[in-house]
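Here's the structure, in structure tokens; my notes come after.
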Amino acid sequence: MTIKTNLMATTAAMLITAGGAVYADGHATHPETGETLASEQVFTYRDLDESPSIDPGKAEDTAGGDIIRDLFEGLMGQDAEGNLIPAVATGYTVSDDNLVYTFTLRDNAKWSNGEPVTAGDFEYGWKRAADPATASPYSWYIELTTVANASEVIAGDMDPSELGIKAIDDTTLEITLTQPLPYFPDMTTHYTLFPVPQATIEEFGDEWTKPGNMVSNGAYVLTEHVPQERLVRERNEMYWDNENTIIDKTVSLIIPDENVALTRFLAGELDRTEVPAGQFPRLAQEYPDDIMSVPQACSYYYTINLTDTTNPALLDPKVRQALSLAVNRDVIVDNVLAGGQKAAYTFTHWATAGFETPETPIAAMDQAARDAAAKELIAEAGYGSDNPLSLKLIYNTSDSHKSVAIAISQMWKQTLGVETELANQEWQTFLETRGNQDYEIARAGWCADYNEASTFLDLMDSGSGYNDAKYNNPEVDALLAEAKTAADPQAAYTQVEQIISEDVPIIPIYHYAAAKMLSDAVEGWPYNNFQQKWYSKDLYIVAE
Amino acid sequence: MLPNAARVKSVGEAAEIAAVQGRSLWSDARTRFFKNKAAVVSLIVLILIGAFALFGQFIAQYERDTVDFTLMGANAYQGVPSIETGHYFGTDSSGRDLFARVVQGTGISLMVGMVGAFVAVMVGTLYGAIAGYHGGRVDGIMMRIVDVLMSIPFMFVLILMLVIFGRSIFMLFLGIGLISWLDMARIARGQTLTIKNKEFVEVAHAIGVSPFRIILRHIIPNLLGIVVVYATLLVPSLIIYESFISFLGLGVQEPNTSLGALISEGASNMAYGVMWQLYFPLLFFVLTIFAFFFVGDGLRDALDPKDR
Amino acid sequence: MLSFVVRRLAVAIPTLLILVILSFVLMYAAPGGPFNSERPLPPEVLANIEAKYGLDQPFWQQIVNYVWRVVTAFDFGPSFQYKDRSVNDIIAQGFPVTLTYGFWSFAVAVVVGVSLGIAAAVRQNSWLDYLAVGITVGAQVLPNFVMAPILLLLFTLWLGWLPGGGWNGGQWEYLVMPVIALSTSYMASIARITRSSMLEVLNTNFIRTARAKGLPMRRIIWRHAMKPAILPVLSYLGPTFVAMITGSVVIDIFFSTGGIGQFFVNSAFNRDYSVIMGITILVGALTILFNLLVDVLYAWIDPKIRY
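Chains as they are written, first to last, in the UniProt record's numbering: chain A, 1 to 544; chain B, 1 to 308; chain C, 1 to 307.
See the structure below:
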């Protein structure tokens, strides 16, 4: 955000007068880099689907998050590198026991109707999101912050007013946690913890998120919203940092088919879209300036049902090891997906902050050695041509999950002689099946909630609600508990990863990368932001 | 529909005579059908396609589900159709032999079409014949039910069923068959109304043959002509339905495939230099549907000369 | 006539009721609720949400409440998936879109199809006839999910003439591709039906007599042959209309038009019961209405038909 401090007064004045309108051709340059800016500062991108909600308190998906981060602003924000930067709050202090955070809010932050943004707006927003009456599907996020009384409020055992957040005055906000959480300030960049305008919500009820009704405190205001078609947000003149915002208008278009989206990108209608599976190498060759691939904080893996509803063969660790060894991850990442993903031999994403990928035997071998070892293991387990093993694999409907499943089932067949029956299910059905352990092997993916290894590894805890394998290893549980308070948790994480790679409750397959087409003219993209939290206000369009 | 001569035959022989007369009707129809060039050519095409679906696997050089990992991600230049590599139709995006997959896809699509049509025609004919034969209130109620069902947007209900109960070929047959029997029921009823007043039916009734037996032995055989025509024309529309369902990803499960699924995949890769993924399955799809249309038209003309 | 209409409308009510119950039962039997997500919700959160949408009540209670609300207030309830809107909102936004491109597709299919069919029949066995038959046969079997991406590549990417999708309030350039993709195969069917029925009519005695009397061909077709020839086409229109609404699924996916097709498919996949029910009921009602309209039209054109 050094851009802003270096801004020259003259340019600032010009930008202010230009407001939401058109820049005089050829005159506008970027205040810091001096690049010539395009006369029309409009960023248009593709979304797969209409977001369930753009109400910060009720939103639940990533695409909705992109929209909300433009419309609203939380206590803290992230810069292009993913570092924490001041947003509505200018900073915070924390008590010695690391339980009480006091945020100081800037006094020039305003809602789009001119009202000041106060600590009370945050307090209202948090309490509203936790209130059972709001029925927010993301209320668990409040619980995750360990803010005092969150669980009780969500369960309806306590009044929302008991939540551990309190506006001391208009610019001072005090939050009390029940246990120390080093990454708590990071968590405030998430939309569930954003402020919402109480007066507007009380006036319009559920209709408050419609254009015309909505009052917001971010760099943009909602001007048009046609569900399943488009959502348009334009410059918020009241935004405290409006003079440093360059993009005037951001448009998200819903385009369900990724191939259609690519066609429209190539026709110049979009500035950003996804790269269809398998097309990355070709597109990278043809459009080297318009394509990007950056690590994305998610891991792709197959989870193995370890309860008694599973295929008994899978309870044998040798079979699981063999299955894991026989998966040629290089083929998956280089040939099937080919979008900059990385082969995974650990659950935790390699790019996770402070995490060092540990050495595991499987990672050290080459594929020929792995295949040989796998064949040996499966024979030891008693399966072969005379006693063939057949398994069932489920995945949720999607072209790329299908391609991966086809490839892996073939690897198992060609290397181990294991027959695999594939079944795809609709998302909701799939979750139910997997959550009830009504499967043998299931596709799974996990995205980091925050940038730290425990966001992944906590899933291996026997008590975790997302441990669909129902993996239960007291040693792992103990190590994970130890990591929570350890000064340097890396040692514990290394051990956990090594145990997982021995026990194979899950088969890590690859670590995600975000492979996108991004128009050459768009600058300021936060390539190094691991969670890909981007803000329209940091982008700008350069003249061709 | 029925030759006049049937009317003047004596009591006990009625059924038998109808059958005899029917035979000459059929042989007439056969002559007329084979004079229709388009229909004959189409019939040959259909037989060839059927043979392709049945025996194509013996010509294919690869299993339909074997993935060639070296071709994955590189099939735009390495998976092209070629006699030398043995991939006559090239490979699909996952590096599988498209020829073998088209063989299977054609088989599944034909099967869905024919089984679906069979279900529809059986249910529809029986329902229509019962309604038409009984007449009166039974007929009124039964046909009202058909009216009611016809107003249900069945494609939507089918999508719901497949989403909810998981997709399976059985569900597909059931759903598609259930959509299509309604028209057949109406046609069968209309025909039954005319047939049931014919002397041989009245006679059978008079000598105490049970209604159900009359319907099975006397009414339905006389509906056969129209049923065959309708069924032939129904098959292609069912194949089209199936392709739509496959496009939505609700069709047959991997690694199995259908023409609809192959076409839909080919269409989505259209811009990526792998056009063979679209036009081989599309060719078989189009040929099959044309052939059924023309054979159906030919049969109709042959069985119902007035219609010309 | 009037009693016929009344009778048909009377049947409509049980039909819609069956539709409601059928879809409700299907939904209820479905595994997976509308509120499942990658991260299973804590039970208390789930309970809060279910209470809000009335899903904690017994089955019969839910269905009675639902029907009551629809009948008395024409209120289809809140969407489970789209937390900011009600089903009425969604239908109010998506339905006009589907109806607009559906109407134009229908109009194009009928006008072009009938003209092409008549032209082909009148000039039977000429190059025009062969061309028309060739085009229609080809168009009839090309699935619209193949047609749509071809149109996109052609008009948007290569020629750059038309925007590749969106609705934008229904400006004409956003309508062209959806209408072509949706109407073509029905246009082809209508042309085929028109051609064969026109041929049949042209071979009847009264037309032969008219020709023998030396009436000009144009006059014969418009004054005498048109009415009887159009009857089989009319009976095809009801199913066509329904098929077009169903076809909106493909149109919405490829052209991002934001019609009800897209909402329907998404809701089915997301178990958004209330949206599915709302759309199904609406489409069912429209189907009934449209079939009735066609029957009335039929009776009006063909006085021989009595109800």
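Glycine included, C-beta positions come from ideal geometry on N, C-alpha and C.
Best match in the options for proximity to residue i [C-alpha to C-alpha]
i                      : options                                    : result
A/Arg-272              : A/Tyr-220, A/Met-292, A/Ser-216            : A/Met-292
A/Ala-453              : A/Pro-489, A/Glu-432, A/Trp-427            : A/Pro-489
C/Leu-17               : C/Tyr-298, C/Val-146, C/Leu-293, C/Met-277 : C/Met-277
residue 309 of chain B : C/Ile-301, C/Leu-9, C/Thr-246, C/Val-6     : The structure shown does not extend to residue 309 of chain B, since chain B spans only 1 to 308, so no value can be given for it.
A/Thr-192              : A/Trp-126, A/Trp-534, A/Thr-357, A/Phe-530 : A/Trp-126
residue 317 of chain C : C/Gly-259, C/Leu-293, C/Phe-290            : Here chain C covers residues 1 to 307 and nothing more, so residue 317 of chain C does not appear.
B/Met-161              : C/Ser-267, C/Met-27, C/Leu-9               : C/Met-27
A/Glu-380              : A/Phe-184, A/Pro-317, A/Val-251            : A/Pro-317
C/Thr-136              : C/Leu-116, C/Asn-144, C/Leu-153, C/Lys-227 : C/Leu-116
Beta-carbon proximity list for residue i, same chain, < 7 Å, skipping 5 on both sides
i                      : result
A/Ser-139              : Ala-129, Ala-130, Ile-154
A/Val-327              : Ile-408, Met-411, Ile-507, Ile-509
B/Pro-281              : Val-102, Gly-105, Leu-259, Leu-262, Ile-263, Gly-266
A/Gly-74               : Ala-87, Val-88, Thr-188, Thr-189, Leu-193, Phe-194
residue 313 of chain C : This structure leaves residue 313 of chain C out entirely; chain C is present only between 1 and 307.
A/Gly-156              : Pro-132
Proximity test, Cβ basis, 7 Å: residue i and chain C
i         : result
B/Val-229 : no
B/Leu-182 : no
B/Val-148 : yes
B/Leu-160 : yes
B/Phe-212 : no
Terminal residues of the beta strand (DSSP E) in which residue i lies
i                      : result
residue 351 of chain C : Outside the displayed range of chain C (1 to 307) lies residue 351 of chain C, so it cannot be described from this structure.
A/Ala-423              : 419-425
A/Glu-234              : 230-235
A/Ala-442              : 441-447
A/Leu-391              : 390-396
Within-7 Å CB hit, residue i to chain A
i         : result
B/Glu-242 : no
B/Glu-254 : yes
B/Ser-94  : yes
B/Met-249 : Looking at the sequence provided, one finds Gly at residue 249 of chain B rather than Met. Chain A, which has a Cβ nearer than 7 Å to the Cβ of B/Gly-249, makes this yes.
B/Phe-58  : no
C/Trp-167 : yes
Beta-carbon separation (whole angstroms), residue i vs residue j, contact threshold 8 Å
i         : j         : result
A/Val-94  : A/Val-88  : Between A/Val-88 and A/Val-94 the Cβ distance is about 18 Å, and since that is not below 8 Å, they are no contact.
A/Ile-507 : A/Leu-323 : 6 Å
A/Asn-472 : A/Ser-462 : 4 Å
B/Val-102 : B/Leu-287 : Contact flag wrong, Cβ pair sits at about 12 Å.
A/Pro-56  : A/Val-117 : So it is not a contact: roughly 13 Å between Cβ atoms.
A/Pro-52  : A/Gly-64  : 7 Å
C/Pro-78  : C/Tyr-53  : 7 Å
C/Ile-288 : C/Ala-12  : 5 Å
C-beta neighbour in chain B for residue i, strict 7 Å
i         : result
C/Ala-268 : yes
A/Ser-403 : yes
A/Leu-422 : yes
A/Thr-397 : yes
C/Leu-237 : no
Extent of the continuous alpha helix (DSSP H) run through residue i
i         : result
C/Asn-88  : 87-122
A/Phe-103 : A/Phe-103 -> not in any alpha helix (DSSP H); beta strand (DSSP E) instead, spanning 100-105.
B/His-134 : 98-134
A/Arg-320 : 317-326
B/Thr-288 : 276-303
C/Glu-50  : 43-52
C/Thr-72  : 59-73
Per-residue contacts from residue i into chain D (C-beta, under 7 Å)
i        : result
C/Ala-29 : Of the protein chains in the structure, A, B and C, none is chain D.
Proximal residues to residue i (C-beta, below 6 Å), its chain only, five neighbours per side dropped
i         : result
B/Val-123 : Trp-181
B/Asn-36  : Gly-298
A/Ala-148 : Gly-164, Thr-176, Thr-178
C/Val-176 : Leu-162
Nonlocal neighbours in the same chain, by C-beta distance under 8 Å from residue i, ignoring five residues either side
i         : result
A/Ile-406 : Leu-422
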